[in-house]
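For the sequence shown, position 26 matches number 26 in our numbering, and the numbering has no gaps at all. Backbone N, C-alpha and C define an ideal beta-carbon position, used for all residues, glycine too. Keep in mind that this is a model prediction, so the values were computed, not measured. First the structure, in the form of structure tokens, and then the observations on it.
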Amino acid sequence: MKSFLNNYIESIPITHNVLQTIRLIGEYKGKQDLFKEQSP
């Protein structure tokens with residue numbers, strides 16, 4: 001498999017859409033954790 005070759009991850013370009021998706025996932029996870037703390 002290609003993904004196990006050396007430097008494969010470094011050669012994949014990270015687009016703006018990927019970064020935005022990762023940021024949104026982190027944001028929603030934070031909101032979910034906050035909701036868990038506030039629920040009785």
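Legend entry - Other residues of its chain near residue 15: CB distance less than 6 Å, five sequence neighbours each side excluded: none
Inset, instruction - Along the alpha helix (DSSP H) that carries residue 9, what are the first and last residues, could you check? - result: 8–11
Legend entry - Nonlocal neighbours in the same chain, by C-beta distance under 7 Å from residue 2, ignoring five residues either side: 8
Legend entry - As assigned by DSSP and simplified to three states, the class of residue 14: Residue state, collapsed to three classes: coil.
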